[in-house]
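Under our numbering, the sequence shown has 301 at position 260, and the numbering climbs by one with no breaks.
Comments concern the structure below.
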Amino acid sequence: MNTPRPVNRLRSSTSPSIPPRSGRSPHVGPSIRQRPWLEWVVRLVTKLVLLSFLISLGWVILLKYLPVSVTPLMISRKLEAIGENQNSQLYKDWTPYEDISKEAALAVVASEDQAFPKHWGFDFDEIQDALKENQRRKRPRGASTISQQVAKNVFLWNGRSYLRKGLEVYFTFLIELIWGKERILEVYLNVAETGPLTFGVEAASRRYYGHSSRTLTRTEAARIAAVLPNPRLFSIKKPSAYTQKRTRQISQQMRYLGGQRYLENL
Numbered sequence: 042m043n044t045p046r047p048v049n050r051l052r053s054s055t056s057p058s059i060p061p062r063s064g065r066s067p068h069v070g071p072s073i074r075q076r077p078w079l080e081w082v083v084r085l086v087t088k089l090v091l092l093s094f095l096i097s098l099g100w101v102i103l104l105k106y107l108p109v110s111v112t113p114l115m116i117s118r119k120l121e122a123i124g125e126n127q128n129s130q131l132y133k134d135w136t137p138y139e140d141i142s143k144e145a146a147l148a149v150v151a152s153e154d155q156a157f158p159k160h161w162g163f164d165f166d167e168i169q170d171a172l173k174e175n176q177r178r179k180r181p182r183g184a185s186t187i188s189q190q191v192a193k194n195v196f197l198w199n200g201r202s203y204l205r206k207g208l209e210v211y212f213t214f215l216i217e218l219i220w221g222k223e224r225i226l227e228v229y230l231n232v233a234e235t236g237p238l239t240f241g242v243e244a245a246s247r248r249y250y251g252h253s254s255r256t257l258t259r260t261e262a263a264r265i266a267a268v269l270p271n272p273r274l275f276s277i278k279k280p281s282a283y284t285q286k287r288t289r290q291i292s293q294q295m296r297y298l299g300g301q302r303y304l305e306n307l
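Structure representation (structure tokens):
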């Protein structure tokens with residue numbers, strides 16, 4: 042007599058059937074599977090983002106070693122001069138950091154970003170102070186560090202927008218990570234606008250003082266730094282009373298910071 046087989050209650054006909062595996066997670070992208078064009082867009086955007094990251098990373102690595110011979114701001118200023126039928130010659134002369142007077146390096150740090158040797162691209166204390174002051178000021182005061190200014194001048198266009206600000210943060214992080222402080226300061230000293238169609242302390246020194254930036258005095262370096270907030274309004278060659286006052290203030294700050302020793306450990 043045959044013994045009836047026991048019934049496996051776990052596999053009864055009332056149990057829900059398990060769908061075959063299709064190679065895709067049932068929880069991921071059902072709307073995308075229903076819309077092939079959306080899947081194509083997602084893939085395209087992902088590839089573009091990855092490509093943009095690799096290009097920007099390679100660009101930053103390359104400029105760690107090569108002179109920055111031109112920036113978007115230089116091109117913009119030249120086009121403006123051409124459009125106004127004026128002399129469009131750019132005055133610029135890339136000079137290595139070791140060939141620039143450290144008085145010039147100290148002057149721009151004392152004037153623009155005294156926390157430069159210590160921060161990682163962003164001075165959050167200065168940002169908070171600027172936000173508080175701007176609640177009372179008609180003209181907002183900026184709080185950009187030297188690193189942020191380099192990121193903006195070298196990699197980005199002139200103007201204000203959330204997109205440009207976001208990219209500025211991105212490139213600031215990259216150059217702080219890859220370049221280091223001395224290279225950032227070297228680039229700043231070479232690309233900062235120091236006068237009409239004039240970029241860098243070497244070009245400014247030769248054009249307005251008649252000698253190399255290697256021999257800049259403290260007062261000369263402080264005057265170059267004094268015009269940096271608006272070099273198209275303030276003049277190194279014909280300093281206004283305000284520029285002269287600011288020059289004296291920067292010289293005092295340079296002494297307060299301890300002189301050139303302040304930048305020894307960049």
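From the three backbone atoms N, C-alpha and C, an ideal C-beta is built for every residue, glycine too.
query                                                                                                               : result
Helix, strand or coil at THR256 [DSSP, three-state]                                                                 : helix
Spatial distance of LYS222 from THR87 (CA atoms)                                                                    : 33 Å
ILE265 to GLN127 span [Cα, whole Å]                                                                                 : 24 Å
Supposed contact pair LEU269 and ALA233 - C-beta distance, whole angstroms, cut 8 Å                                 : 6 Å
Contact under 7 Å by Cβ, LEU298 with ALA146                                                                         : no
Inside the segment 61–135 only - alpha helix (DSSP H) runs reaching at least 4 residues                             : 71–75, 77–104, 113–124
Nearest-angstrom Cα separation, counted from PHE212 out to SER56                                                    : Below a pLDDT of 50, predicted positions are generally treated as unreliable, and SER56, at 47, falls in that range; the measurement from the model is reported next regardless. Distance between the alpha carbons of SER56 and PHE212: 57 Å.
Close-in-space but distant-in-sequence residues of the same chain around VAL228 (CB under 6 Å, 5 per side omitted)  : VAL109, VAL191
For GLU234: DSSP bridge partner residues                                                                            : PHE240
Buried versus exposed, by CB contacts within 10 Å (16 or more), VAL90                                               : exposed
For ASP134, the nearest candidate out of THR260, LEU107, ASN231 (CA to CA)                                          : ASN231
Burial state of SER254 (16 or more Cβ within 10 Å)                                                                  : buried
Touch test, the segment 145–164 against the segment 279–299, Cβ-Cβ under 8 Å, three pairs minimum                   : yes
Counted within 10 angstroms of its Cβ, other Cβ atoms place VAL83 as buried (16 or more) or exposed                 : exposed
Backbone CA spacing between LYS286 and SER292 [nearest angstrom]                                                    : 10 Å
Environment of GLY207 [buried if 16+ CB atoms lie within 10 Å]                                                      : exposed
Other residues of its chain near ASP154: CB distance less than 6 Å, five sequence neighbours each side excluded     : THR186, ILE187
Where ALA282 falls, given that 16 or more other Cβ within 10 Å makes a residue buried                               : exposed
Nonlocal neighbours in the same chain, by C-beta distance under 7 Å from ASP140, ignoring five residues either side : ARG255
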